[in-house]
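With the numbering used here applied, the sequence shown has no gaps in its numbers, which climb one by one up to 96 at the end. Ideal Cβ positions, reconstructed from N, Cα and C, are used throughout, including at glycine. Scroll down for the structure; my scribbles are underneath it.
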Amino acid sequence: MRPLNLQEAAQFLRMSKSSLYQRRDISRYGRPGSRVLLFDQDELEVWLKHGRLVETKAPTPQSTSVTNVPEVLSDIVDIPPLPVYHRSARYR
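Take a look at the structure:
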């Protein structure tokens, strides 16, 4: 187990620091009372091997169609939009 800071982990994964910071699927650790993020090199290697799976879309069921929409939804869709309130008189 070798702890890596944000910059070292970004270099190890060959991605930007901001991308690494935004990814929530990569495990990270923080020291109490510190803003420094730490990443475990072993866990990063496991994530590289198993975590970068291509997301596949779930197959859509064939039974759904536009004709199955109940009558109530047509009333909801026809709601006219309300005017937007702006603080500035320029946009009123």
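DSSP puts residue i in a beta bridge; with which residues?
i          : result
residue 33 : 42
residue 7  : 44
In this structure, how does DSSP classify residue i when only helix, strand and coil are distinguished?
i          : result
residue 24 : helix
residue 94 : helix
residue 88 : coil
Just checking my contact of residue i with residue j at CB under 8 Å: how many whole Å lie between their CB atoms?
i          : j          : result
residue 44 : residue 5  : 6 Å
residue 42 : residue 8  : 7 Å
residue 25 : residue 10 : 7 Å
residue 31 : residue 47 : 5 Å
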